[in-house]
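Here is the structure we will look at, set down as structure tokens.
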Amino acid sequence: MSSPDPALFRTRPGNRRRLTPEGQAELDRLTVAAEESAWLSPLAYNLTISHSHRFVWYRVAKVATRTIRHHCETNGVALDVDHAMRVRYPLASYADYFTFAFVRDPLDRFVSAWHDKVVDHNYYDFDPATHARMQTVEEFARWTATHNLSAVPGTDQHLTLQSRMIDLNRVDFVGRLETFDRDFAEVCERIGAPAVPTAPKNQTAPGGRDRQVSDELRELVTQMYRRDYQVFGYSLEAD
Numbered sequence: 013m014s015s016p017d018p019a020l021f022r023t024r025p026g027n028r029r030r031l032t033p034e035g036q037a038e039l040d041r042l043t044v045a046a047e048e049s050a051w052l053s054p055l056a057y058n059l060t061i062s063h064s065h066r067f068v069w070y071r072v073a074k075v076a077t078r079t080i081r082h083h084c085e086t087n088g089v090a091l092d093v094d095h096a097m098r099v100r101y102p103l104a105s106y107a108d109y110f111t112f113a114f115v116r117d118p119l120d121r122f123v124s125a126w127h128d129k130v131v132d133h134n135y136y137d138f139d140p141a142t143h144a145r146m147q148t149v150e151e152f153a154r155w156t157a158t159h160n161l162s163a164v165p166g167t168d169q170h171l172t173l174q175s176r177m178i179d180l181n182r183v184d185f186v187g188r189l190e191t192f193d194r195d196f197a198e199v200c201e202r203i204g205a206p207a208v209p210t211a212p213k214n215q216t217a218p219g220g221r222d223r224q225v226s227d228e229l230r231e232l233v234t235q236m237y238r239r240d241y242q243v244f245g246y247s248l249e250a251d
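Going from the sequence shown to the working numbering is simple: count from 1 and add 12.
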């Protein structure tokens, strides 16, 4: 069985989260044979793919996703697979594509998710009394700690372990939000895109390094995201 043409996989013009019928049919065919052929990635990821610029971007929610997408849109970088959610992908077809992702200090990311999805919006559809309690970040952290943050699907993408959102065995470059300008400039050079934008757009709240953080919150986040701290080398200690 030959590798499918990578350009076969595109998202629908009217729905950037779903593959075209032709792409989905091919993915379904590969899924049936996956156990024996190993054609597909063992795990599913949130993917954005450009065939013209030959890259696969493992999207990590709350880590400059709007900034990167906006930069591509405004600089002529076609996103053929735009916002595919929780999909396995044919490994051989993208073996020569540049793969990248961006990560963020787990404490900062968690506070940002809480501020955006709880304080500013009731994204998780809490009842009024529960939503009122969740205005305290520690309360939200206790609720989050009851979930399996490595489960995909099963855990909201804004809270999932960053290390689970990236195919760590096949990623060429992992940038950091803390050094975004420098790291994204390198990505742009690798994919042949114009110069880097000046600042991430989706920093919705000051993070753990810029605000007073309770010992309880730091301990809860450390327990929940210990693998992220270990994999990406972020410090577990307060600055």
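Glycine included, C-beta positions come from ideal geometry on N, C-alpha and C. Computed from a predicted structure; not experimentally measured.
Checklist entry - Helix, strand or coil: which one does DSSP assign to M177? => result Here M177 sits in coil by DSSP.
Item to check | 3 or more residues per run - each beta strand (DSSP E) lying fully within the stretch 101-147 | outcome: 110-115
Item to check | Straight-line gap, E34 to H82 (C-alpha atoms, nearest Å) | outcome: Rounded to whole angstroms, E34 to H82 spans 27 Å at the Cα level.
Checklist entry - Which stretch, first to last residue, makes up the alpha helix (DSSP H) that contains V72? => result Element bounds for V72: n/a, residue is neither H nor E.
Checklist entry - Taking the alpha-carbon positions, what's the V75 to F114 distance? => result 6 Å
Checklist entry - Can you tell which of K129, V199, N181, D179 has its C-alpha closest to the C-alpha of R188? => result V199
Next on the checklist: Can you tell me whether R41 is buried or exposed? The criterion is at least 16 other CB atoms within 10 Å of its CB, across all chains shown.
Outcome noted: Exposed is the label assigned to R41, since fewer than 16 other Cβ atoms lie within 10 Å of its Cβ.
Checklist entry - Starting from Y241 and walking both ways along the alpha helix (DSSP H), at which residues does that stretch end? => result 238-244
Next on the checklist: Less than 9 Å between the C-beta atoms of S15 and A104, yes or no?
Outcome noted: The answer is yes: Cβ separation under 9 Å.
Checklist entry - In angstroms, rounded to a whole number, what distance separates the CA positions of V68 and R238? => result Here the alpha carbon of V68 sits roughly 26 Å from the alpha carbon of R238.
Item to check | Any C-beta of chain B under 9 Å from that of W51 | outcome: Of the protein chains in this structure there is only one, and it is not chain B.
Checklist entry - In whole angstroms, what separates the C-alpha of V186 from that of D137? => result 33 Å
Checklist entry - For the putative contact between L232 and R154, defined by C-beta atoms under 8 Å, what is the C-beta separation to the nearest angstrom? => result Between R154 and L232 the Cβ distance is about 7 Å, and since that is below 8 Å, they are a contact.
Checklist entry - Between L39, R24, A107, I61, which lies nearest to N181 when the distance is taken from Cα to Cα? => result For N181, the nearest C-alpha among the options comes from A107.
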